[in-house]
Amino acid sequence: MKAIRILFVMVVLSVLMSGCSGVQGTANDGKEIIQVAVSAEVNPPFLRNDENNEPTGYDIEYLKAVDERLPQYEFKYVWGEEESNLIGVGAGKFDMAINWFFSNPEREEKFLYPETPYGYSMTGLIVHKDTNNIESLDDMTDKELAPVSASGGLRSILNAYNEQNDPPIPLTTVDNPSNENNLKRVESGRSDAVFLNITTFEAIQKNLQLDLKVGGIVSKEPVYVVFQPDHEELAEEINHVTEELIEDGTLPELAEKWFGVNFFDDLEDISVEGFQYE
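Under mature numbering (1 follows the signal peptide of the UniProt record, and there is no 0), residues -23 to -1, 1 to 255 are what the sequence shown spells out, in order.
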């Protein structure tokens, strides 16, 4: 995903980490400090900065809700590049990391995943506003999809579709495809659709105002916090709290607040019109 890089000022860090020790261990009040690696790149509405340049979004509010229900812990937020954060978790520098991570075999070998996702990333086909015959991947077998990366969560979905369906979707592979360029390809008619996270599209569309729309929602992909492999107790505790937050309506309410739709609903109950990014 093409993310918009921002730097959070020190006053923001002091607000988020107030009361936390500067090193991993135990805080002055006896609580165990949990080092939480958070992406320093904005991925709205999972993570963005508000009008006061303070980090906010679905991820931040989820973490705060979890922290409130685990009084034995005190979360310390550490900001960094996504890959650096993952390396830090694997090396034992951080206890956990969040950045709407998909689950895949490679990561499952390196990190501990909880059973319950804390949210979902909606994927869809982005088409020209005048296109009305593309709603699902089945509609793309005789059309041109904008170039895709050789790896990643979106490519995995396309590969799985092609393995299970005949005819397959013709795929053009490029290194690090530009989401903005792909969207412009569709607007100009050079491609029929882009397969993209809907939140990514909405964030770009907010700035570019292209003649495009979501043709159809393809899938909702579960997203997770990842933990050090030996942090089974912490993962179980946070997994339990996550389940509580879903059952009591806290996370569905946050989904409605940040995405305009409760993505914990069944996919068939989520309409294109209902999904709105703010």
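Every residue, glycine too, gets a C-beta built ideally from N, C-alpha and C.
query, result
"Terminal residues of the beta strand (DSSP E) in which leucine 122 lies", "That residue, leucine 122, is in no beta strand (DSSP E); it is neither H nor E in DSSP."
"Identified DSSP bridge partners for histidine 105", "Leu189"
"Test item: CB-CB of asparagine 190 and lysine 106 under 8 Å", "Inspection of the sequence shows that residue 190 is occupied by lysine rather than by asparagine. The answer is yes: Cβ separation under 8 Å."
"Outcome for arginine 25 when other beta-carbon atoms lying within 10 angstroms are tallied against a minimum of 16", "buried"
"Beta-carbon contacts of glutamine 205 that lie in its chain and below 7 Å, excluding the five residues immediately before and after", "Val66, Gly69, Asp72 and Leu89"
"CA nearest to the CA of threonine 219, picked from Glu198, Arg46, Glu9 and Val15", "Arg46"
"Proline 229 to valine 15 span [Cα, whole Å]", "22 Å"
"Spatial distance of serine 155 from leucine 244 (CA atoms)", "28 Å"
"Rounded Cβ spacing between isoleucine 215 and valine 43 (contact assumed at less than 8 Å)", "6 Å"
"Close beta carbons around serine 196, own chain, < 8 Å, minus the five adjacent residues each side", "Met99, Thr100, Ile134 and Leu244"
"Assigned secondary structure, phenylalanine 240 (DSSP; H/G/I helix, E/B strand, else coil)", "coil"
"Touch test, the stretch 145 to 164 against the stretch 114 to 123, Cβ-Cβ under 8 Å, three pairs minimum", "yes"
"Backbone CA spacing between leucine 185 and histidine 208 [nearest angstrom]", "43 Å"
"With 16 other Cβ atoms within 10 Å as the buried cut-off, status of glutamate 51", "buried"
"Contact check, valine 203 vs alanine 17, beta carbons under 8 Å", "no"
"Residue range of the unbroken alpha helix (DSSP H) whose run includes isoleucine 134", "130 to 141"
"Where the beta strand (DSSP E) through tyrosine 95 begins and ends", "Counting along the chain, tyrosine 95 falls outside any beta strand (DSSP E), and DSSP gives it neither H nor E."
"Cβ pair valine 104, glycine 192 closer than 8 Å", "yes"
"N- and C-terminal bounds of the alpha helix (DSSP H) containing glycine 65", "59 to 67"
"Serine 165 (DSSP reduced to helix, strand or coil)", "helix"
"Exposed unless 16 or more other CB atoms sit within 10 angstroms - verdict on aspartate 36", "buried"
"Per-residue DSSP class, three states only, for arginine 46", "coil"
"Helix, strand or coil at leucine 211 [DSSP, three-state]", "helix"
"Expected contact under 8 Å - CB spacing of tryptophan 235 and glycine 57 to nearest Å", "Incorrect: roughly 23 Å between the Cβ atoms, too far for contact."
"Where glutamine 12 falls, given that 16 or more other Cβ within 10 Å makes a residue buried", "buried"
"The alpha helix (DSSP H) enclosing glutamate 28, as first and last residue numbers", "Segment: none, glutamate 28 is in no alpha helix (DSSP H) and carries neither H nor E."
"Continuous beta strand (DSSP E) stretch holding glutamate 83: start and end", "It is not in any beta strand (DSSP E) - glutamate 83 instead sits in the alpha helix (DSSP H) that spans 82 to 87."
"C-beta contact flag for serine 168 and asparagine 158 at 8 Å", "no"
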